[in-house]
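Chemist: Residue numbers for the sequence shown follow the working numbering, beginning at 44 and rising by one.
Backbone N, C-alpha and C fix where the C-beta goes; we use that ideal spot for every residue, glycine too.
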Amino acid sequence: YITSMSNRLVKHDDNWMTCFVRLGRFKRQTDLTFVEAASAYGCQVAVFSNIAIATTTHALHHTALLPSVIPMVVYDLLCILSYFSLQHVTPFPTQLEATLLSMTKYVHPSMYDSLGLGETCDSAVRFAMAFVALCYASLFIVTCVFCIAVYGNYLRKKALPAARVATLHKTIWPNRLARIVFLGYIIQLVGKAGSSILGIDTFQKTLAPTYYPAATTTLDPTTIFLVVANMAVIRGTLARSSSAFRLGAASTIMYLATTWPGMVAAVTLFSTYNLFTDHGCLHAFEGSVKFGIPDKHETLLFCAYSRASFVGEMVIFAAMHAQLVACTMCFMRNRKRGLGLFNTSAPDNAQYLLHSGLGHIHSVEPASGGTGLGSANGVYADAAKTGFE
Numbered sequence: 044y045i046t047s048m049s050n051r052l053v054k055h056d057d058n059w060m061t062c063f064v065r066l067g068r069f070k071r072q073t074d075l076t077f078v079e080a081a082s083a084y085g086c087q088v089a090v091f092s093n094i095a096i097a098t099t100t101h102a103l104h105h106t107a108l109l110p111s112v113i114p115m116v117v118y119d120l121l122c123i124l125s126y127f128s129l130q131h132v133t134p135f136p137t138q139l140e141a142t143l144l145s146m147t148k149y150v151h152p153s154m155y156d157s158l159g160l161g162e163t164c165d166s167a168v169r170f171a172m173a174f175v176a177l178c179y180a181s182l183f184i185v186t187c188v189f190c191i192a193v194y195g196n197y198l199r200k201k202a203l204p205a206a207r208v209a210t211l212h213k214t215i216w217p218n219r220l221a222r223i224v225f226l227g228y229i230i231q232l233v234g235k236a237g238s239s240i241l242g243i244d245t246f247q248k249t250l251a252p253t254y255y256p257a258a259t260t261t262l263d264p265t266t267i268f269l270v271v272a273n274m275a276v277i278r279g280t281l282a283r284s285s286s287a288f289r290l291g292a293a294s295t296i297m298y299l300a301t302t303w304p305g306m307v308a309a310v311t312l313f314s315t316y317n318l319f320t321d322h323g324c325l326h327a328f329e330g331s332v333k334f335g336i337p338d339k340h341e342t343l344l345f346c347a348y349s350r351a352s353f354v355g356e357m358v359i360f361a362a363m364h365a366q367l368v369a370c371t372m373c374f375m376r377n378r379k380r381g382l383g384l385f386n387t388s389a390p391d392n393a394q395y396l397l398h399s400g401l402g403h404i405h406s407v408e409p410a411s412g413g414t415g416l417g418s419a420n421g422v423y424a425d426a427a428k429t430g431f432e
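Here's what the structure looks like:
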């Protein structure tokens with residue numbers, strides 16, 4: 044409503060909604076950055092909150108999914124707190140998505156004092172603070188969901204059934220690379236979050252006191268492919284599913300296909316303007332309107348955040364190339380693996396029940412002595428202990 048009525052609202056000093064659309068000292072200049080960014084971010088919070096609740100609820104009914112759902116809920120928490128797409132390697136504040144961190148910095152009791160409308164903007168401030176409080180409430184709810192999932196997984200481990208799916212081969216490197224990708228994601232997140240928060244100060248100090256330098260939140264395909272690829276690795280390892288690594292390899296290919304153009308552009312930008320040195324960075328960023336006309340100290344901070352974002356993206360980019368090879372090798376090594384089951388209560392020389400014999404088993408009874416696998420339809424499972432691939 045505020046967006047559609049902005050041209051009318053900006054002309055009325057007695058309407059509290061005009062505070063959302065007026066640009067600082069410019070009385071008739073409309074500014075919809077905060078309204079549009081906040082509304083899109085609110086939808087994002089609703090989406091990630093519902094994903095966390097729905098997936099955890101489903102996993103509590105199918106407890107084998109809990110170990111792979113927990114990392115997904117962690118990602119949901121990060122997205123609610125500070126989600127950034129991977130499209131913009133160089134963190135220009137006006138191109139970065141709105142986040143709960145930047146809104147917490149932007150929304151405060153005196154945020155509209157510069158408009159000179161007195162008590163008219165009090166309702167606008169209360170509305171904005173209520174919106175941020177609602178986002179924090181969603182963050183708290185998802186945190187509780189995460190705790191429930193962790194506790195449910197703890198109970199699941201205490202009551203594991205006697206039979207498990209046999210482990211996969213060559214899963215070490217995919218998991219190590221997934222951790223490296225997560226580390227790179229955190230590094231680029233810190234760089235972009237720092238640039239976004241610093242941008243609020245520089246833009247409000249030099250251009251307009253009420254300006255919110257942020258873009259409308261979008262879920263870009265590159266980020267989705269990255270998440271799917273690494274969640275597939277986690278799922279494949281915990282559920283011992285070779286097909287999950289096939290999904291991981293396919294998602295990695297799509298990630299690389301959508302990332303290469305942006306990474307080439309980022310490397311070209313950093314090389315052309317020599318952004319790896321303070322001198323080149325000062326020459327390129329100091330006084331730039333894209334950063335809110337920062338001074339020397341602020342420019343050096345922007346340089347540090349830009350390098351952190353670039354390093355984080357490069358770590359992800361390099362690790363995902365290796366992840367493609369690792370996931371492919373893991374799938375190829377395990378694709379003909381039998382669906383072997385083994386008895387966890389047996390000693391070190393656990394006896395294996397082959398995939399070929401499972402279709403003939405109608406019931407399993409304990410064998411005499413209590414240490415064997417038992418009998419199945421009158422035939423001892425010991426006859427099938429020749430191993431599996």
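(1) Just the C-alpha distance for A282 and A107, rounded to the nearest angstrom, thanks.
(2) With a threshold of 16 other CB atoms inside 10 Å of the CB of K379, please say whether the residue is buried or exposed.
(3) Can you tell me whether D57 is buried or exposed? The criterion is at least 16 other CB atoms within 10 Å of its CB, across all chains shown.
(4) Considering only residues of the same chain and omitting the five flanking positions on each side of K54, which have a CB-CB separation below 6 Å?
(5) How about the segment 72 to 79 and the segment 250 to 264: do they share at least three Cβ pairs that are nearer than 8 Å?
(6) In terms of residues, what are the limits of the alpha helix (DSSP H) holding M375?
(7) For the segment 160 to 171 and the segment 363 to 370, state whether three or more C-beta atom pairs, one from each stretch, are separated by less than 8 Å.
(8) Check whether the Cβ atoms of D263 and S128 sit closer than 8 Å, and answer yes or no.
(9) May I ask you to report which of helix, strand or coil DSSP gives L66?
(10) Going straight from the alpha carbon of A426 to that of A192, what length do you get?
(11) How would you label L177, buried or exposed, when you count the other beta carbons within 10 angstroms and need 16 or more for buried?
(12) Which complete alpha helix (DSSP H) runs does the segment 52 to 138 hold, if anything under 4 residues is left out?
(13) Could you have a look at A287 and say whether DSSP puts it in helix, strand or coil?
(14) In chain order, which continuous runs of the beta strand (DSSP E) of length 3 or greater are located wholly inside the segment 152 to 209?
(15) Looking only at its own chain, which residues have a Cβ that is under 6 Å from the Cβ of P114, when we skip the five neighbours before and after it?
(16) With three or more beta-carbon pairs closer than 8 Å as the criterion, would you say the segment 236 to 252 touches the segment 324 to 336?
(17) Can you tell me the Cα-Cα spacing of T302 and M60, whole angstroms?
(18) Classify K235: buried if its beta carbon has 16 or more other beta carbons within 10 angstroms, exposed otherwise.
(19) Assuming the contact rule is C-beta atoms closer than 8 Å, C370 and T295 should be a hit. Round their C-beta distance to whole Å, please.
(20) Report the three-state DSSP secondary structure of A257 (helix, strand or coil).
(21) Report yes if the CB atom of V188 is closer than 8 Å to the CB atom of I96, and no otherwise.
Modeler: Working from what's here:
(1) Within the sequence shown, the letter at position 239 stands for residue 282. Within the sequence shown, the letter at position 64 stands for residue 107. Each residue's Cα considered, the two are about 7 Å apart.
(2) Within the sequence shown, the letter at position 336 stands for residue 379. Burial call: exposed.
(3) Here residue 57 is taken as the residue at index 14 of the sequence shown, counted from 1. Looking at its Cβ environment, which holds fewer than 16 other Cβ atoms inside 10 Å, D57 is exposed.
(4) Here residue 54 refers to the residue found at position 11 of the sequence shown. Excluding positions up to five away in sequence, the list is empty.
(5) yes
(6) Numbered from 1 along the sequence shown, position 332 holds the residue referred to as residue 375. Start and end: 339 to 377.
(7) no
(8) Stepping through the sequence shown from its first residue, residue 263 is reached at position 220. Stepping through the sequence shown from its first residue, residue 128 is reached at position 85. Yes, Cβ-Cβ distance for D263 and S128 is below 8 Å.
(9) Counted from its first residue, the sequence shown places residue 66 at position 23. If DSSP states are grouped into helix, strand and coil, L66 belongs with the strands.
(10) Walking along the sequence shown from the start, residue 426 turns up at place 383. Walking along the sequence shown from the start, residue 192 turns up at place 149. The predicted model places A426 with a pLDDT of 37, which falls under 50 and marks its position as unreliable; any figure quoted below should be read in that light. Each residue's alpha carbon lies about 40 Å from the other.
(11) On the sequence shown, residue 177 is found 134 positions in, with the first residue counted as 1. Classification of L177: exposed, given that the 10 Å Cβ count is below 16.
(12) 61 to 64, 76 to 104, 109 to 125
(13) Along the sequence shown, one-based indexing puts residue 287 at 244. Three-state DSSP puts A287 in a helix.
(14) 206 to 208
(15) Here residue 114 corresponds to residue number 71 of the sequence shown, with the count starting at 1. Only I277 meet the Cβ criterion.
(16) yes
(17) For the purposes of this step, residue 302 is identified with residue 259 of the sequence shown, where counting begins at 1. For the purposes of this step, residue 60 is identified with residue 17 of the sequence shown, where counting begins at 1. Taking the straight line joining both Cα atoms gives about 40 Å.
(18) Start at 1 with the first residue of the sequence shown, and residue 235 comes out as number 192. Answer is buried; the Cβ neighbour count reaches 16.
(19) Within the sequence shown, numbered from 1, the residue matching residue 370 stands at position 327. Within the sequence shown, numbered from 1, the residue matching residue 295 stands at position 252. The Cβ separation is near 6 Å, so the contact holds.
(20) By one-based count along the sequence shown, residue 257 stands at place 214. Correct three-state label for A257: coil.
(21) To locate residue 188, count along the sequence shown from 1; it is residue 145. To locate residue 96, count along the sequence shown from 1; it is residue 53. Yes, these two residues count as a Cβ contact at 8 Å.
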